[in-house]
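Quick notes on the structure that follows.
Laid out in structure tokens, this is it:
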């Protein structure tokens, strides 16, 4: 009995030990001292634990004893481990979590950058936003013109960023140059982007201060990422008032192939809606697209993307050498673009991205009195390697080689005079960049890029530095500084190669506040142009007058607000830009504000989704101050201001099934109010008998543009 | 007497250890039960936390990963912020992948993936077209793998129910799917094991509400 009692006593004691509980409690906070709600706190290898409450506190009991490890995990933070001695005594532990690099709402360098990832993330602008922006008419560049830092130059259609000329903005597809991203056009008729916005899942639009990975653009880089895998095997049909298209996609688990053909002809539309000028050949385009994807066994991804197109149109345009007369203009363009890229992980933790891009462009311009045939071939090869050296340190190195071949034949119809110019240029660039985040609220990026041109026999190193500091949970400031170089344009190089790179230095300061699908950005910048090419207007063909003595500046303020929260189903953004810019370049006799730099630009885009009728309604409005132009009847240069620009456009997209298939019906009207926007004036070369240069306004071809479309997916 | 005493001690001892160390399966089932009764987002969060702990402690079994993904999808339904919703579903997507790699039930995991796609639509209605067709594809797969998967039929019903009438959706067209789901539930009922079994109550509710709308 005595033994039994002692056994009982021992067993109860032992059992009591098993029943014993250690209470572990405490608070989990982030580096800024804010409590983290919903963090998982537990003893490693057991189920014992708790999730933190609204004040970041946790408390749980555990029956484990001895040396244990307390784990804390929370989305967007590095897992935290702490050794504990569990001994029945209550334990109080306070934990500070370290943010994982690149977490949601983490400090990210935003100076000069508008980023739009795939549609999962609601950052600034996503591909669908582009398609449904009414003033964009389905054009990528048109949609970017509703962002601050850009100017609407209605007679051109290209991107003009912060007082920079159109040629200063470059487009990159999967990291590689797209040499001719705009459709071919002639003076005073706007071009459009060649690429459909549906091809891309990511858009990064930099209005300055961008990474050392990109070069040869003084003002801006538009970096487009093509879709990874199509969702399924399907056929897409499109019927527009201006053309038709069909695309067939096949996919299995690791491969996909799409092929499509599109035909556009504005002839029938122009018969219904009269245009300002007589079109002897309405704009028409036939294009083919092939795109393939393959995922390799090692996880790498191969992408091939290729387009070919032929477009032509002709119209009767006032002949600036002969008042009252019309000249017959005609343009015929053939264009091909192929982009092959591979990205994947290599041994040693290196992530490789490499690729080849070819642009072939053959453009024939017939201006009745003379003809210009231009052939441009551009090949770019690029490789970059990225490695995460430490959890807060990343390095990227890369090399790029570009061959640019240009040939132009100029021929005068009557005199028979002709001139041929041709050249080729090998551009080489090497770059290295580090991304370092020494503190969870402070990130830096420092890059160096060297560029060489064989034609100019010239090289320059460029420095790119940027940093961001998180001020509060939702607000942060960033800054960027960079040197940007660009080989002079072909139209200059055809007369001489005795030139240097043109240069721009950017200085940007940015504040961004983002919370719950509302975002405010305020950015101010200073852009300093050096080494711009100048020549003599009267003897533009004379190489002796060509040199790099031009210069200029841009200063401005950009404000952006986007709100997807305040009103359910309403998404809108407002942009305002103030711009002061002057330059002396090309044939400018003095320093002046260029024609593409309006002082104030204000734009608003709003979209409202009505769930009951599955329809989205869109409205966009733009208001900009008049742009300068040169009036030869007045003293001085760039001495007149065109009237202000305004445009209100609407659209609606209705989703439904037709014959059991998914369909989108789309309708839009641009410039709804029909304002006759005057972009500027063009003057005849010679004065009339009264000594006055007669001019005519440069306006759009028609006041409004109507579009009706049906997209079917089978 | 001595034997009785030792025996009773042993019984007591055995009973109490068992009481404090219930099997993993029981803990999972209990947590999923709590998840279904959660009154607010904090309670759901607590269940997700618990399942995270179970999944970490039982890294070789597919079921904890399955339920973890399921609980995250439930959490995403309660979360208001679209960006966070997406981030939670990104995690759930990884759990499903892991569960698949651990040899999980392919039919059930495809159905769960479809549920996840439906959750994506909640971030932005304009995604409906894309994700409802992706969900339909996944459910198609799930039903092919196991025609008696009640959850796949239920989710197919949900897909149709939430698709606007003009897209060929609506309550009337959804009802047969819900009925089919209930049929499958009834055939399989009685076995309350760790295998996925959720969905019968909501299926009944949906059948009732489809009836109301007609």
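Chains as they are written, first to last, in the working numbering: chain A, 382 to 1095; chain B, 1367 to 1580. For each residue, glycine too, the CB sits at the ideal point set by N, CA and C. Model, not experiment: these values are computed from the prediction.
Task: Contact residues within the stretch 1398 to 1424 of chain B, judged by C-beta distance below 8 Å to chain A - done: Correct list: 1408, 1411, 1412, 1414, 1415, 1416, 1418, 1419, 1420, 1422, 1423.
Open item on the list: Please return the same chain residues whose Cβ sits closer than 7 Å to the Cβ of residue 479(A), not counting the five positions on each side in sequence.
Closed with: Here the set comprises 412, 458, 459, 821.
Task: Below-8 Å beta-carbon distance, residue 427(A) vs any chain B residue - done: For residue 427(A), the answer is yes, since a Cβ of chain B falls inside 8 Å of its Cβ.
TODO: Measure from the C-beta of residue 1393(B) to each C-beta in chain A and report whether the shortest distance is under 8 Å.
DONE: For residue 1393(B), the answer is yes, since a Cβ of chain A falls inside 8 Å of its Cβ.
Task: Within chain A, the residues that residue 1560(B) reaches when beta carbons sit closer than 9 Å - done: In chain order: nothing, as chain A lies at least about 15 Å away.
Open item on the list: Please list, in chain order, the chain B residues whose beta carbon lies closer than 7 Å to that of residue 575(A).
Closed with: The premise fails here: residue 575(A) is roughly 25 Å from chain B at the closest Cβ pair, so nothing lies under 7 Å.
Task: Same chain only: Cβ atoms within 8 Å of residue 968(A), ignoring 5 sequence neighbours per side - done: These residues qualify, in order along the chain: 915, 916, 917, 918, 921.
TODO: Would you grab the beta carbon distance between residue 1476(B) and residue 1514(B) for me? Rounded to a whole angstrom, and I think it's under 8 Å.
DONE: 14 Å between Cβ atoms; not a contact.
- [ ] Please list the residues of the stretch 453 to 465 of chain A that have a C-beta atom closer than 9 Å to any C-beta atom in chain B, keeping them in chain order.
- [x] If the cut-off is 9 Å between Cβ atoms, the stretch 453 to 465 of chain A has 454, 456, 457 near chain B.
TODO: Output, in sequence order along the chain, the residues in the stretch 1496 to 1515 of chain B whose CB is closer than 9 Å to any CB in chain A.
DONE: So the close ones are 1496, 1499, 1500, 1503.
Task: Every unbroken alpha helix (DSSP H) within the stretch 819 to 893 of chain A, with a cutoff of 4 residues, ordered by chain - done: Fully enclosed alpha helix (DSSP H) runs of 4 or longer: 871 to 874.
Open item on the list: Can you check whether the C-beta of residue 1453(B) is within less than 8 Å of a C-beta belonging to chain A?
Closed with: Look at residue 1453(B): its C-beta is under 8 Å from a C-beta on chain A.
TODO: Assign residue 759(A) to one of two classes, buried (16 or more other C-beta atoms within 10 Å of its C-beta) or exposed (fewer than that).
DONE: Only buried fits residue 759(A), as 16 or more other CB atoms lie within 10 angstroms of its CB.
TODO: Give me the Cβ distance between residue 575(A) and residue 562(A), rounded to the nearest whole Å; I'm assuming they're in contact under 8 Å.
DONE: Their Cβ separation, rounded to whole angstroms, is 6 Å, which keeps residue 575(A) and residue 562(A) in contact under 8 Å.
- [ ] Just mark residue 904(A) as buried or exposed, buried being the case when its beta carbon has 16 or more other beta carbons within 10 Å.
- [x] Per the 10 Å Cβ criterion, buried.
Open item on the list: So if I threshold CB-CB distances at 7 Å, which residues from the stretch 1527 to 1546 of chain B count as touching chain A?
Closed with: Those would be 1530, 1532, 1533, 1534, in chain order.
Open item on the list: Given a cut-off of 8 Å on the beta-carbon distance, is the pair residue 647(A) and residue 663(A) in contact?
Closed with: Taking 8 Å as the cut-off, the Cβ atoms of residue 647(A) and residue 663(A) count as close.
Task: Where residue 747(A) sits in the DSSP three-state scheme - done: In the three-state scheme derived from DSSP, where H, G and I count as helix and E and B as strand, residue 747(A) is classed as strand.
Open item on the list: Could you check whether residue 710(A) and residue 747(A) sit closer than 8 Å to each other, using their CB atoms as the reference points?
Closed with: Contact flag set, yes.
Task: Proximal residues of chain A, C-beta to C-beta of residue 1491(B) below 7 Å - done: Residues of chain A passing the Cβ test: 990, 992.
Task: Residue range of the beta strand (DSSP E) that includes residue 452(A) - done: Run containing residue 452(A): 447 to 454, per the beta strand (DSSP E) assignment.
Open item on the list: If you follow the alpha helix (DSSP H) that residue 1412(B) is in, where does it begin and where does it stop?
Closed with: That run of the alpha helix (DSSP H) goes 1407 to 1423.
- [ ] Determine the burial state of residue 1504(B): buried for a count of at least 16 other Cβ atoms within 10 Å of its Cβ, exposed for fewer.
- [x] It is buried - the Cβ of residue 1504(B) has at least 16 other Cβ atoms within 10 Å.
TODO: Drop a sphere of 10 angstroms on the beta-carbon of residue 887(A), count the other beta-carbons inside from all chains shown, and report buried for 16 or more, exposed for fewer.
DONE: It is buried - the Cβ of residue 887(A) has at least 16 other Cβ atoms within 10 Å.
- [ ] Go ahead and pull the three-state DSSP assignment for residue 439(A).
- [x] In the three-state DSSP reduction, residue 439(A) falls in the strand class (E or B).
TODO: Could you work out which residue in 416(A), 629(A), 933(A) is closest to residue 965(A) when comparing CA atoms only?
DONE: Comparing Cα-Cα distances from residue 965(A) to each of 416(A), 629(A), 933(A), the minimum goes to 933(A).
TODO: Use the C-beta contact count for residue 529(A): other C-beta atoms within 10 angstroms, 16 or more gives buried, fewer gives exposed.
DONE: A buried status is given to residue 529(A), since no fewer than 16 other beta-carbon atoms sit within 10 Å of its beta-carbon.
TODO: Report the rounded CA-to-CA distance for residue 799(A) versus residue 805(A), giving the unit in angstroms.
DONE: Straight-line Cα distance between these residues: approximately 21 Å.
Task: Option nearest residue 1123(A) by Cα separation, candidates 1027(A), 1012(A), 948(A) - done: One cannot answer for residue 1123(A) here, as it falls past the ends of chain A, which runs 382 to 1095.
Task: Beta carbon proximity, residue 1525(B) to chain A, threshold 8 Å - done: Judged by the 8 Å Cβ criterion, residue 1525(B) is not in contact with chain A.
TODO: Could you tell me which chain B residues have their CB closer than 7 Å to the CB of residue 419(A), listed as they occur along the chain?
DONE: Per Cβ cutoff of 7 Å: 1411.
Task: Contact set for residue 484(A): own chain, Cβ-Cβ below 6 Å, skip 5 residues either direction - done: In this predicted model, residue 484(A) has a pLDDT of only 41, less than 50, meaning its place in the structure is not dependable; the value taken from the coordinates is given anyway. Non-local beta-carbon contacts of residue 484(A) in its own chain, meaning distances under 6 Å to residues more than five positions away in sequence, involve 457 in chain order.
Open item on the list: Can you tell me where the beta strand (DSSP E) holding residue 1440(B) begins and where it ends?
Closed with: Segment 1428 to 1444 is the alpha helix (DSSP H) holding residue 1440(B); no beta strand (DSSP E) there.
- [ ] Flag this pair as yes or no: are the beta carbons of residue 848(A) and residue 885(A) separated by less than 8 Å?
- [x] Judged by beta-carbon spacing, residue 885(A) lies beyond the 8 Å limit of residue 848(A), meaning their Cβ atoms are not closer than that value.
TODO: Please report the residue range of the beta strand (DSSP E) in which residue 1043(A) lies.
DONE: Here the beta strand (DSSP E) through residue 1043(A) covers 1042 to 1051.
Task: Local conformation of residue 1082(A) per DSSP, three classes - done: Reduced to three states, the DSSP call for residue 1082(A) is coil.
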